[in-house]
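In what follows, a single structure is set out as structure tokens and then discussed.
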Amino acid sequence: MRILYFAWLRAKIGTAEEEVAPPAEVATTGDLITWLQSRGPAYADALANRAVVKVAVNQDYVGMDHPLAPGDEVALFPPVTGG
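In terms of our numbering, the sequence shown has 84 at position 70, counting the first letter as 1, and numbering is strictly consecutive.
See below:
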């Protein structure tokens, strides 16, 4: 599974993207964020407030209950505002 991080999430976590193999119990995007938080303090800090973390799977916006598959591309980013 490929994870992409954008904006301040990328800065806090320290990488723009990574390939991960989450455990089998990671079935949804919410499960993935919980698992990522356990990977260290930078992840825990960046992903602490789910209200400001938006998710896209395979380039489609999804909710925290969206099911995941091993080959998915998951993008994590802050809310986008227009001006």
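C-beta atoms are modelled at their ideal positions from N, C-alpha and C, and glycine is treated no differently. Just so you know, these numbers come straight off a predicted model, no measurement behind them.
Please state whether the Cβ-Cβ distance between residue i and residue j is less than 7 Å.
| i | j | result |
| --- | --- | --- |
| Thr-29 | Asp-79 | no |
| Ile-47 | Val-34 | no |
| Asp-86 | Met-15 | yes |
| Ala-60 | Lys-26 | yes |
Looking only at C-alpha atoms, which of the options sits nearest to residue i?
| i | options | result |
| --- | --- | --- |
| Trp-22 | Asn-63, Trp-49, Tyr-75 | Asn-63 |
| Phe-91 | Val-71, Gly-54, Arg-53 | Val-71 |
| Val-40 | Ala-89, Val-94, Pro-81 | Pro-81 |
| Glu-31 | Val-66, Tyr-57, Ala-83 | Tyr-57 |
| Val-69 | Ser-52, Val-94, Pro-37 | Val-94 |
What are the boundary residues of the alpha helix (DSSP H) that residue i is part of?
| i | result |
| --- | --- |
| Arg-24 | 21-27 |
Specify the secondary structure class of residue i as computed by DSSP and reduced to three states.
| i | result |
| --- | --- |
| Asp-45 | helix |
| Leu-18 | strand |
| Asp-74 | strand |
| Leu-90 | strand |
Classify residue i: buried if its beta carbon has 16 or more other beta carbons within 10 angstroms, exposed otherwise.
| i | result |
| --- | --- |
| Ala-89 | buried |
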